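Here UniProt numbering is used: the first residue of the sequence shown is 1, the next is one more, and so on.
Every residue gets a Cβ at the ideal spot worked out from N, C-alpha and C, and that includes glycine.
Source: prediction; values computed, not measured.
So the structure is just underneath, and the comments pick up after that.
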Amino acid sequence: MLNTLANHGYLPHNGRNLTATLIENAFTSFLNVEAGFAAAVKDFTNAWGHDVFNLHDLNAPDILQHIASLTRDDYTSQNPHIRPNVHRIESLFDDSPAMHIDIDSIAKSRLRVQAESHPNMLSKARFDAALFEAAMVLVMMTDNVPDATSNPPLSAYQAPKDRLRTWFEQERFPVELGWTPSKRGIKLADLDPAIKAITESMERQEKERSKSRIAAKVDAE
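Have a look at this one:
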């Protein structure tokens, strides 16, 4: 998201001389989301002890990047500043047979990338961050962001693949495909139903896989 904001000029295009306040302003003024969406950046600056930083400082392991990413390969000490991987993005799309990704498909994707990172595992904090990111993917690219207080149906959380392709592969907002920032201010709480639904779908799919593995083992015996 930060790279995309920089590419559109809502942050310095060269990614240098950033501040937490500058990023908060980009989130609130352009994306129309509450400042809490930039909390991770504030946490970084508080821990790092510097008010001014560069974008590559954030695009580093255990800052904003983590293993089992939907769009990036796991980082290594030799390659900590990683770019989106087209093959990983295509796998994300392949997890959904429709023209969009939804709750169940992104839950399937999360299980897949976590298995691919095994034996390395996400910490609880990074797992929660990954769920937040997955929900944000579904919320940010839809035309009508569901209001959590309206008890939205799960079908409201759908992200068109063509928009996501532009966002993920080119790190641009897909304005030519009709995307615009939400007219309604998005609150952190608006992601809660999606996070809950993704978590429940992951648990359900994992149980189904476990049953299938047990059944296959019994048949083999």
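Bridge partners of ALA47, per DSSP?
On the sequence shown, residue 47 is found 47 positions in, with the first residue counted as 1. DSSP, once it has assigned bridges, lists no residue as partnering ALA47.
Starting from ILE106, trace the beta strand (DSSP E) both ways and give me its first and last residue.
Taking the first residue of the sequence shown as 1, we reach residue 106 at position 106. Here ILE106 belongs to no beta strand (DSSP E); instead the alpha helix (DSSP H) covers 103–117.
Of all the options ASN151, ILE23, GLU116 and ILE214, which has the alpha carbon lying nearest to the alpha carbon of ALA35?
Indexing the sequence shown from 1 puts residue 35 at position 35. Comparing Cα positions, the closest option is ILE23.
Judging by CA-CA distance, which residue of LEU11, THR142 and GLY15 is the nearest neighbour of ASN25?
For this step, residue 25 is matched to residue 25 along the sequence shown. If we check each option's Cα against that of ASN25, LEU11 comes out closest.
Are the CB atoms of LEU70 and LEU92 within a distance shorter than 8 Å?
What you label residue 92 is simply residue 92 of the sequence shown in a count that begins at 1. What you label residue 70 is simply residue 70 of the sequence shown in a count that begins at 1. Result yes, Cβ atoms of LEU92 and LEU70 sit closer than 8 Å.
I'd like to know if the region 144–153 and the region 91–108 are in contact, where contact means that at least 3 CB-CB pairs between them fall below 8 Å.
No contact exists between the region 144–153 and the region 91–108.
Please report the Cβ distance between LEU122 and ALA197, rounded to the nearest whole angstrom; I am assuming they are in contact, meaning their Cβ atoms lie under 8 Å.
For the purposes of this step, residue 122 is identified with residue 122 of the sequence shown, where counting begins at 1. For the purposes of this step, residue 197 is identified with residue 197 of the sequence shown, where counting begins at 1. The Cβ separation is near 19 Å, so there is no contact.
Using 10 angstroms around the beta-carbon of GLY15, count the other beta-carbons present and answer buried if the total reaches 16, otherwise exposed.
Taking the first residue of the sequence shown as 1, we reach residue 15 at position 15. So GLY15 counts as buried.
From the DSSP output, in three-state form, read off ILE23 for me.
What you label residue 23 is simply residue 23 of the sequence shown in a count that begins at 1. ILE23: helix per DSSP, three-state reduction.
Just to confirm the assignment, what range does the alpha helix (DSSP H) spanning PRO12 have?
Taking the first residue of the sequence shown as position 1, residue 12 is located at position 12. That residue, PRO12, is in no alpha helix (DSSP H); it is neither H nor E in DSSP.
Looking only at its chain, what residues have a beta carbon closer than 7 Å to the beta carbon of ASN46, apart from the 5 residues adjacent to it on each side?
Walking along the sequence shown from the start, residue 46 turns up at place 46. Nothing listed; no residue qualifies.
To the nearest angstrom, how far is the alpha carbon of LEU5 from that of THR166?
Residue mapping note: residue 5 aligns to position 5 of the sequence shown, counting from 1. Residue mapping note: residue 166 aligns to position 166 of the sequence shown, counting from 1. Going from the Cα of LEU5 to the Cα of THR166 covers about 13 Å.
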